[in-house]
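Everything in the sequence shown is counted per the numbering used here, starting at 876 for the first residue and increasing by one. Don't be surprised by glycine CBs; every beta carbon is placed ideally from N, CA and C. Because the structure is a prediction, the values reported are computed rather than measured.
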Amino acid sequence: MRNIKLKQMLALLCAGLTLACSLPGCSRATKLERYNKQFLDVFDTVSMEIGFEKSEADFQKCYESSHAQLLKEHRLYDIYNDYEGINNLKTVNDNAGIQPVKVDPDLLSLIKWGKEVYTLTDGRVNIAYGAVLHLWHDKREAGIEDPAHAELPDQAALEEAAKHTNIEDVIIDDAAGTIYLKDPEMSLDVGGIGKGYATENAAKLIQNEDSENFLLNLGGNVRAIGIKGDGAKWVCPVESPEYRDSQTGDQYAIVCYLDGRSLVTSGDYERYFVVNGQRYHHIIDPDTLYPAKYHRSVSILTEDSGLADALSTALFMMPVEDGKALIQSIREGSSPLGADFRVEDLEAMWIDADGHQEYTDGFLNYTKA
């Protein structure tokens, strides 16, 4: 089943890239050559890197360093598998209530960011929510494997798991470089923030190589570095949820043009299973312990892919007006993270069940080449 989904995602990714090279302003570069790499070995998704460079060797250098970083963080953030010589999130979870675990600085940094995201989103995005998410994950995997016997998690089990999600029980010791889960029934899950955070780290490595014309696309989590080699902006469409459902109508809800920015979308159509004719996706609302029902998708435009990933998840779990208020507070520096956390260039788009699109005031500026 996973291979089928990956093939479907690859087809969609390639379709998007075809669009990116067929719209106006997308002529072939005269001084820089276009190179690309596709890979399937990070974050269980189809990924691609595109770069305009003077030589294949220059591109390969950027690709190899960024891919190595993505692969490293994929393993560090893994909650299901052990890796020789690595203390990852599974190691941390396995030692909950037992002992602190010394971890790589990249993992320590992510968990610190996760605690900040919790504060920023008033608990909507909680990396300590693993006990609840694990119950949904197991039922989803079983339901996909055997649809005729798909079933929902037990309500009592969900309520009991929710008692073990206190972010204050995640203890970080910077000096020792350790993470300790005080609650033995707690587990961490960084699915709502990890991919974007890793994407941004990979982008920084590429920028350190002085590359100015690069695009990272991790399963639709897009990070543009500069523009394309021909001077045009990167063309990044947002897929239509309705099209994903029925393969009818327009494939793309909107097309964005990026210059050094990230575009991240959270939607209900990527990971889900069906019980009694109703679809249950993977973004769980902490208020209900069930999949959030506010929107079909939420897209965030800003420079930092880690912030975009976190906010696309958070806004998916709140009404539009609350999401707009959070965006505005971050723009003004009045968010719960304070004045030092101010991001003025931040936009969002919502798509609801009826296909209606809602935007922050500057989002449509990015739909113009």
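- Here the C-alpha atom of P1166 lies approximately 44 angstroms from the C-alpha atom of D933.
- Here the alpha carbons of A943 and H1012 stand approximately 28 angstroms from one another.
- Closest in alpha carbon position to V1173, among V1139, D1160, N1096, F918, is V1139.
- Residue range 1053 to 1056 is occupied by the beta strand (DSSP E) that includes T1053.
- Counting C-beta pairs with one atom in each stretch, the stretch 995 to 1008 and the stretch 1066 to 1083 have three or more that are closer than 8 angstroms, which means they touch.
- With respect to the 8 angstroms criterion, A1223 and T1235 are classified as neighbours on the basis of their beta carbons.
- With a threshold of 16 other beta carbon atoms within 10 Å, G1230 falls short and is exposed.
- Secondary structure note for P1112: its beta strand (DSSP E) is the uninterrupted segment 1109 to 1114.
- Around the beta-carbon of D1125, fewer than 16 other beta-carbon atoms lie within 10 Å, marking it exposed.
- E1114 and Y1144 have their C-alpha atoms some 10 angstroms from each other.
- In this structure, T1177 lies away from R1217, with their beta-carbon atoms at least 8 angstroms apart.
- Assignment of beta-bridge partners to Y1165 by DSSP yields D1160.
- Contact annotation: G1142 and R1171 have beta-carbon atoms nearer than 8 angstroms.
- In this structure, the beta-carbon distance from Y910 to E928 falls below 8 angstroms.
- Put simply, the backbone Cα of E1207 is about 41 angstroms away from that of A1032.
- With contacts defined as CB atoms closer than 8 angstroms, L1063 and V967 qualify as a contacting pair.
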